[in-house]
DNA sequence: TCTTTGCATTTTGTATTCAATCTGCTTTTA
DNA sequence: TAAAAGCAGATTGAATACAAAATGCAAAGA
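Chains as they are written, first to last, in our numbering: chain C, 4 to 227; chain A, 4 to 227.
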C-alpha cells in the first residue's frame, strides 16, 4: 500500500516531475506493487497536491511502461507476465551487446578508471547487507559502460528496459550466494575492456544477463 | 451476445488520446516542424478542447521523444541533430538485427505470405507518385517482420525509434531513383526468410538501413 | 435462486479559474 | 549611450469545479 509516500521538493522542478519521480521510485522499489491501482484523489491527498500534476505524472509513467491505464477506469502499476520479462530480456541482450561494442571502441582512460572504481564499489557493497546499496552499486557499474557508449538515445532506451525489470530483480540480488558470481563477471568485463576484446565482452554480458532470468522468473511466478 | 459493442469507439477514446494521435501524426508528417512551439492555448483553440487534454498529450509526446519541454517556457517539437540521428540508427540497426533473427525463427507460413503481399504492395505503391502511400507501404512491409518477431516489447521500442526518424525520412523516399534499390532489397529480405538464412538477413537489413542515413543526414543539415 | 434495475457513491474526464513566471518593450538612470 | 528597472501582456503551473462514467449494493421481479 501507499503508506509513506512523500515529496521531496527540488525547488523549481514542476510538481508533475516531482510526482513522476516519486511514483517511479515507489514502483521500482516495490512500494507500489504491480496491479495496484493509482487513484488520482488518493495520490493527490497522500502527496499534498491537486489531481492535475498527478494526472500528468501518470501519463508519463504510462509511456515509460510502468503504468497502464484503462480509459474511465483508471491507472494501475504495470504487471509483467513471464513472457513480457522474456521479451524485455531479449531486447536488453541485444542493446547491451551494442552498448558494450560502442563502449569498447569509445571508452576513455578516465572512464576505464571509473569502471574499475565502480567495480570496487560493488565489491564493497556486497560486504554489507544493504540490498538497496548493492543494487545501486551494480547499476552504477553498468551506468559507466552505458555512458562510455556515448550514445544517449541508446542509454535512454536501455534505461527504460532496465526499469521495467528492476522491480522484479530485487529478489535476485537479495540472495547473497550470487554475489561472488556477480563480482567475477564484473571482473571479466573489466578484463574484456582492458583487452578490447569485443566478442568476449558480448559473451560475458549475455551470461551476466541470462543469470538473472531464472531468478526473476521465480518472482513473477509467485506474483500470481 | 450483443453485436455492435464497439459502436464508434472513437467517442470512447479520451480526448487526451485523440489529441496525442493528432499531434503525433502532425509531427511525423512534418506539419508541425522541429523546433516549432507547442502552445497550449493555441492548440486548445485549434482543436476545440481545453488545455487539460493538450497538456496530457504533450506529456506523452515528451516521453515518446517527439517533444521537448522547458519548465515554465513550454514545449516544442523535438529537434534532432546529426548525432541524434546517428545514435538512433545505431540502435535501430541492433534492434532490426534482433527482429530479423526472431522473425526468422518464429515466422508462420501465413505471415510469410503476408510479407510477400506487403512486398507486392510496396512495388505497386512505387509506381504511383503518392509519397505518403509509398512510405506507408514500406512501413507495412517492415511491420510484418516486426509482428513475426513475436516480441511486443521489441516492437514498441523499434516503433519509437522509427518514429523519431520518420519525419526526416520523407525526403529520402521522395527521390524515385531509390525505388528500384528498395524493391531489390525487399526481395532479398524475402529470399532470406525463404532460406531461413539469419546471417544474410542481418546483413541485408543493415544495408537497407544504412542507405537511408546519408539522405536523412542531408535533410538534417538543411534544417539549420 | 438468479437476474435485473435503480440509485448513491466513487472515480475519471474535461473545463475553468487563479497564481506564478516569462517576454519584450518602455522608461529610468548612471 | 548603455545598462537597469519596471510594467503589461502572454504563457505555463496548479487547483478547483463540474460533468460523465463506472462501481457496488440493495431492492424488485422472474
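We treat Cβ as the ideally placed atom computed from N, Cα and C, and that holds for glycine.
Taking 7 Å as the CB-CB cut-off, is residue 225/C touching chain A? no
Against chain C, with Cβ distances strictly below 7 Å, would residue 74/A count as a contact? yes
What residue range does the alpha helix (DSSP H) around residue 91/A cover? 85-109
Please state whether DSSP places residue 208/A in a helix, a strand or coil. Three-state result, residue 208/A: helix.
Any beta carbon from chain A within less than 7 Å of residue 97/C's own beta carbon? yes
In chain order, what residues of the same chain lie with their CB nearer than 7 Å to the CB of residue 147/A, ignoring the 5 residues before and after it? 114, 117, 118 and 121
Nearest candidate by alpha-carbon position, reference residue 85/C, set 173/A, 29/A and 154/A: 154/A
Could you tell me whether the Cβ of residue 183/C comes closer than 7 Å to any Cβ of chain A? no
Where residue 71/C falls: helix, strand or coil (DSSP): strand
Anticipated Cβ contact below 8 Å, residue 95/A with residue 161/A, distance rounded: 7 Å
Please report the residue range of the beta strand (DSSP E) in which residue 181/C lies. Run containing residue 181/C: none; DSSP gives neither H nor E here.
Can you give me the start and stop residues for the beta strand (DSSP E) that residue 77/A sits inside? Where residue 77/A is concerned, the enclosing beta strand (DSSP E) stretches over 77-80.
Between the segment 196-221 of chain A and chain C, which residues of the former have a C-beta closer than 8 Å to a C-beta of the latter? none
Applying the 10 Å Cβ sphere with the 16-neighbour rule, what's the burial state of residue 145/A? buried
Simplified DSSP state of residue 224/A, which is helix, strand or coil: Shown here, residue 224/A sits in a helix according to DSSP, grouped into three states.
How many whole angstroms separate the CB atoms of residue 38/C and residue 79/C, which I take to be in contact at a CB cut-off of 8 Å? 6 Å
Comparing the C-beta of residue 71/A with each C-beta of chain C, is any distance below 7 Å? no
Does the Cβ of residue 45/C have 16 or more other Cβ atoms within 10 Å, making it buried, or fewer, making it exposed? exposed
Kindly list, in the order they appear in chain C, the residues whose Cβ is closer than 8 Å to that of residue 175/A. Residues of chain C passing the Cβ test: none, with the nearest at roughly 19 Å.
Listing by chain order, which chain A residues have their CB less than 7 Å from the CB of residue 156/C? 87, 90, 91 and 94
Which runs of the alpha helix (DSSP H) fall wholly inside the segment 133-203 of chain A and span at least 4 residues, in chain order? 134-151, 155-177 and 182-198
In chain A, which residues lie with their C-beta within 7 Å of the C-beta of residue 63/C? 62 and 66
Going by beta carbon distance, what residues of the same chain come within less than 8 Å of residue 143/C, once the five residues before and after it are set aside? 121, 124 and 125
Residue 190/A to residue 19/C span [Cα, whole Å]: 49 Å
Going by DSSP, name the residue or residues bridged to residue 19/C. Its beta-bridge partners do not exist; DSSP assigns none.
Taking only beta-carbon positions, decide if residue 101/C is within less than 7 Å of chain A. yes
Using DSSP's beta-bridge definition, name the partner residues of residue 41/A. 78/A
Closer than 7 Å, Cβ to Cβ, to anything on chain C: give me those residues from the segment 135-162 of chain A, in chain order. Here the close residues are 154, 155, 156, 157 and 160.
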